[in-house]
Amino acid sequence: MEFSSGKRWLMLALSLYAVCGCVYGAFRKDDYQSLTDTIFVGYDKRIRPTVTGGPTVIDMVFEPVSIISLDESSQVLSTFGRLYCEWSDEVLAWDEGSHSGVTNFFWPQDDVWLPDIIIHNSVEEEERPGYKEMPVNILSSGKVVWVPSFIFRTSCDMDVTYYPFDSQVCSIIISTKMSAFQDIAIQPGITDGEDGMSWETYHPSGVWDLRQMSVVNLTDEIDEVTKFEFKLTLKRRPMYYIINIIIPVLFLSLTASLVFSLPADAGEKVGMSMTVLLAYAVYLTIIADKMPQTSSQVSLLACYLTTLLAVTAFGVVLSVFILSLHHTSSETPVGPRTEAYTRRMRKYLRLGYHPRGIPANNVSPAVPETPVVTFSDVDSSSTEDTQGRQQAPTMESKTSTELSFLSYRGKHDKPRNTDLLMGSFMSSCSTSTAGTEERETITWPKVAETVDRLLFLGFSFIVFGVTVTLLPYMASMT
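Given below as structure tokens:
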């Protein structure tokens, strides 16, 4: 197969490029090999890098990546993040011009000196952050950059009083294991305008909202170790708990109040009470796993749920008591005090109320019509008796009843016996008043009905009062 002259020149150019690349790579490889052979001659990774004998200054920045979990029962915060550490090692510095312009290279971390930093409040075995295969970046100026990334499992003292509207402040404490602050001085690096903290790599969590980060120097001259505390302020996202815990519990508590609106004659009063109580107990068992399992602080939500459970259980006892009242024998009379109190409560609760003219059950029969006062029955001698009486009192001294009587008298022309007419008028007034009152008979079923209504209002008030007082208070404390 023959190639044209143009293709031959192209093949020749590609071959020369490949050969030059290999030669350049070989020279670069020789440069790196020569560089590492030069700077690591006599290098001992066990010796702290210092020429003047002063402390080795390490600039440190904590970069959180994500909040994995915060276990309320064990009080352990799991966080994935990075520690950006930077220090100067004069032994590892070189001249770029003497090594073909090499500015930096990567080297395994186990082959260079590393500070003996540990996670002071870790719940696991103390070990150096990162992993063995993690390289370090060595610059020509002798600066060493070490960025170990790992999962921090640190202890966190939690306060679950306002769960699920709580905020937690957890710490990650970094310190040296043995080196004193005269040997290793850790200081927070500056990034994004903040000292020692960086938000660049953080990814928000669906459970916790990272509100604030800060760094505190805890170096103690007594312990002689360098120690820094990185504080994380976390706010729990409560929407999941509101939808899956609080709202269903509110609906269950409403059914506990509705038990007292069920008539005693229905025969299912105690059955409904027991059903609500069992449903409440089963639901509390389900959500118990979602509650903080700690005794150091008691969650107000747990107190709220326990209160509603106690109210529901007490409602079962009261339902039995109401049924006992309802089925009390009619031969047992209702006491006068019980009757008076029941009558008063039924009036306030509008029980057994009927509009005027519509008779109610167990109401006394209608009163006879008011008798008509006629003047034919008045003795004719009334005229003479009237003339012999003293002068009537003035209008100012007359009572309202007497004034009504005078009006009643003025409607008739013929003389009449005043005493007899006055008696007839008073009788008609009292009879008319009695006709407008409906006095129902108070029986034990009516007593039970009254107690039922009172308990319905009382339980509703308790549930509503506890709910509107406790839940907004919990939400406002965050």
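The numbering used here numbers the first residue of the sequence shown as 51 and each following residue consecutively.
Glycine included, C-beta positions come from ideal geometry on N, C-alpha and C.
>> Suppose contacts are defined by Cβ-Cβ distances below 7 Å. Is residue 117 in contact with residue 217 by that definition?
In response: Within the sequence shown, the letter at position 67 stands for residue 117. Within the sequence shown, the letter at position 167 stands for residue 217. It is not a contact, given that the beta carbons lie outside the stated cut-off.
> Can you name, in chain order, every residue of its own chain whose Cβ lies under 7 Å from the Cβ of residue 157, other than the five neighbours on each side?
Replying inline: Along the sequence shown, one-based indexing puts residue 157 at 107. Excluding sequence neighbours, residue 157 sits near 185, 186, 188.
> How would you call residue 494, buried or exposed, if buried means at least 16 neighbouring beta carbons within 10 angstroms?
Replying inline: For this step, residue 494 is matched to residue 444 along the sequence shown. Around the beta carbon of residue 494, a 10 Å sphere encloses 16 or more other beta carbons of the protein chains shown; the residue is thus reported as buried.
>> Classify residue 383: buried if its beta carbon has 16 or more other beta carbons within 10 angstroms, exposed otherwise.
In response: Taking the first residue of the sequence shown as position 1, residue 383 is located at position 333. Here residue 383 is exposed: its Cβ has fewer than 16 other Cβ atoms, across all protein chains shown, within 10 Å.
>> Can you give me the C-alpha to C-alpha distance between residue 285 and residue 215, rounded to a whole angstrom?
In response: As a working mapping, residue 285 is identified with position 235 in the sequence shown. As a working mapping, residue 215 is identified with position 165 in the sequence shown. Looking at the backbone, the Cα of residue 285 and that of residue 215 are separated by about 8 Å.
> Grouping DSSP H, G and I as helix and E and B as strand, with all else coil, what is residue 411?
Replying inline: As a working mapping, residue 411 is identified with position 361 in the sequence shown. The predicted position of residue 411 is uncertain, since its pLDDT is 49 and thus under 50; a value taken from the coordinates is nonetheless stated next. If DSSP states are grouped into helix, strand and coil, residue 411 belongs with coil.
> Is the region 316-327 close to the region 342-351, with three or more CB pairs under 8 Å?
Replying inline: No: fewer than three Cβ pairs fall under 8 Å.
> Touching or not, the region 288-297 and the region 117-131, by the rule of three or more beta carbon pairs under 8 Å?
Replying inline: These segments do not touch.
> Should residue 518 be labelled buried (16 or more other beta-carbon atoms within 10 Å of its own) or exposed?
Replying inline: As a first step, residue 518 must be located in the sequence shown, where it is residue number 468. That one is exposed.
> Roughly how many angstroms lie between the CA atoms of residue 532 and residue 526, to the nearest whole one?
Replying inline: In this structure the chain extends from 51 to 528, so residue 532 is not present and cannot be described.
>> So, at 8 Å on beta carbons, what are the nonlocal neighbours of residue 380 in its own chain, with the 5 sequence-adjacent residues on each side left out?
In response: Within the sequence shown, residue 380 is the residue found at index 330, counting from 1. Cβ-Cβ distances below 8 Å link residue 380 to 493, 494 in the same chain, with the five nearest sequence neighbours on each side left out; the list follows chain order.
> Which word fits residue 407, buried or exposed, when buried means at least 16 other C-beta atoms lie within 10 angstroms of its C-beta?
Replying inline: As a first step, residue 407 is located in the sequence shown; it is residue number 357 there, counting from the start. Any reading at residue 407 must be qualified, since the residue scores a pLDDT of 45, below 50, and its modelled position is unreliable; no value is offered.
> Where does residue 370 land, buried or exposed, given buried means 16+ other C-beta within 10 angstroms?
Replying inline: In the sequence shown, residue 370 corresponds to position 320, counting from 1. That one is exposed.
>> Considering just the uninterrupted stretch of the alpha helix (DSSP H) at residue 536, what are its terminal residues?
In response: With the chain represented from 51 up to 528, any question about residue 536 goes unanswered, as that position is not in the structure.
> On the three-state DSSP scale, how would you describe residue 294?
Replying inline: Position 244 of the sequence shown, counted from the start, is the residue given in the question as residue 294. Three-state result, residue 294: helix.
>> Helix, strand or coil, according to DSSP, for residue 112 in the structure here?
In response: On the sequence shown, residue 112 is found 62 positions in, with the first residue counted as 1. Residue 112 falls in the strand class under three-state DSSP.
>> Given this structure, state the Cα-to-Cα distance separating residue 153 from residue 207, to the nearest angstrom.
In response: Looking up residue 153 in the sequence shown gives position 103. Looking up residue 207 in the sequence shown gives position 157. Cα-Cα distance, rounded: 46 Å.
>> Please list the terminal residues of the continuous beta strand (DSSP E) segment that includes residue 513.
In response: Numbered from its first residue, the sequence shown carries residue 513 at position 463. Following the DSSP letters along the chain, one finds residue 513 in no beta strand (DSSP E) but inside the alpha helix (DSSP H) bounded by residues 494-526.
> Taking Cβ positions, are residue 131 and residue 114 nearer each other than 7 Å?
Replying inline: Reading the sequence shown from its first residue, position 81 is the one you call residue 131. Reading the sequence shown from its first residue, position 64 is the one you call residue 114. In this structure, residue 114 lies closer than 7 Å to residue 131 by Cβ.
> Could you give the distance in angstroms between the alpha-carbon of residue 87 and the alpha-carbon of residue 161?
Replying inline: Within the sequence shown, residue 87 is the residue found at index 37, counting from 1. Within the sequence shown, residue 161 is the residue found at index 111, counting from 1. Whole-angstrom Cα-Cα distance: 13 Å.
>> Using a Cβ-Cβ cutoff of less than 7 Å, which residues in the same chain neighbour residue 520 once the five nearest sequence positions on both sides are dropped?
In response: For the purposes of this step, residue 520 is taken as residue 470 along the sequence shown, with counting starting at 1. 350, 354.
>> I need the boundaries of the beta strand (DSSP E) containing residue 238, first residue and last residue.
In response: Position 188 of the sequence shown, counting from 1, holds the residue named residue 238. Start and end: 234-238.
>> At the level of alpha carbons, what is the spacing between residue 536 and residue 238?
In response: Nothing can be reported for residue 536, as the shown portion of the chain is limited to 51 through 528.
> Considering only residues of the same chain and omitting the five flanking positions on each side of residue 305, which have a CB-CB separation below 6 Å?
Replying inline: Counted from its first residue, the sequence shown places residue 305 at position 255. Excluding residues within five positions, the ones whose Cβ falls inside 6 Å are 326.
> If you draw a straight line from the alpha carbon of residue 146 to that of residue 261, how long is it in whole angstroms?
Replying inline: Here residue 146 corresponds to residue number 96 of the sequence shown, with the count starting at 1. Here residue 261 corresponds to residue number 211 of the sequence shown, with the count starting at 1. Rounded to the nearest angstrom, the gap between the Cα atoms of residue 146 and residue 261 is 45 Å.
> Looking at residue 108 and residue 137, is the spacing between their C-beta atoms short of 7 Å?
Replying inline: Translated into the one-based positions of the sequence shown, residue 137 becomes position 87. Translated into the one-based positions of the sequence shown, residue 108 becomes position 58. Taking 7 Å as the Cβ cut-off, residue 137 and residue 108 qualify as a contacting pair.
> Beta-carbon separation of residue 375 and residue 498 under 7 Å?
Replying inline: Here the question's residue 375 lines up with position 325 in the sequence shown. Here the question's residue 498 lines up with position 448 in the sequence shown. Yes, they are a contact pair.
> By Cβ distance below 6 Å, which residues in the same chain neighbour residue 209 in space, the five residues on each side in sequence not counted?
Replying inline: As a first step, residue 209 is located in the sequence shown; it is residue number 159 there, counting from the start. Taking C-beta separations shorter than 6 Å and ignoring five residues to either side along the sequence, the partners of residue 209 in its chain run 347, following chain order.
> Is residue 149 near residue 81, with beta carbons less than 7 Å apart?
Replying inline: To locate residue 149, count along the sequence shown from 1; it is residue 99. To locate residue 81, count along the sequence shown from 1; it is residue 31. Cβ atoms of residue 149 and residue 81: closer than 7 Å.
>> As a quick exercise: from 164, 225, 373, 159, pick the residue whose alpha carbon is nearest that of residue 183.
In response: Walking along the sequence shown from the start, residue 183 turns up at place 133. Cα-wise, what sits closest to residue 183 is 159.
>> Quick check: residue 269 and residue 231, are their CB atoms within less than 7 Å of each other?
In response: Your numbering for residue 269 matches position 219 in the sequence shown. Your numbering for residue 231 matches position 181 in the sequence shown. Against a cut-off of 7 Å, the Cβ pair of residue 231 and residue 269 comes out as a contact.
> Using the rule of at least 16 other Cβ atoms within 10 Å of the residue's Cβ for burial, across every protein chain shown, is residue 248 buried or exposed?
Replying inline: Position 198 of the sequence shown, counted from the start, is the residue given in the question as residue 248. Note on residue 248: 16 or more other CB atoms within 10 angstroms of its CB, so buried under the neighbour-count rule.
> When the Cα atoms are used, what is the spatial distance from residue 165 to residue 94?
Replying inline: For this step, residue 165 is matched to residue 115 along the sequence shown. For this step, residue 94 is matched to residue 44 along the sequence shown. Going from the Cα of residue 165 to the Cα of residue 94 covers about 14 Å.
> Under 7 Å, do residue 134 and residue 197 count as touching if we go by C-beta distance?
Replying inline: Within the sequence shown, the letter at position 84 stands for residue 134. Within the sequence shown, the letter at position 147 stands for residue 197. Taking 7 Å as the cut-off, the Cβ atoms of residue 134 and residue 197 count as close.
> Are the CB atoms of residue 365 and residue 299 nearer to each other than 7 Å?
Replying inline: Numbered from its first residue, the sequence shown carries residue 365 at position 315. Numbered from its first residue, the sequence shown carries residue 299 at position 249. Contact check for residue 365 against residue 299 fails: the beta carbons are separated by 7 Å or more.
> Are the CB atoms of residue 246 and residue 101 nearer to each other than 7 Å?
Replying inline: For the purposes of this step, residue 246 is taken as the residue at position 196 of the sequence shown. For the purposes of this step, residue 101 is taken as the residue at position 51 of the sequence shown. If you check the CB distance, residue 246 and residue 101 do not come in under 7 Å.
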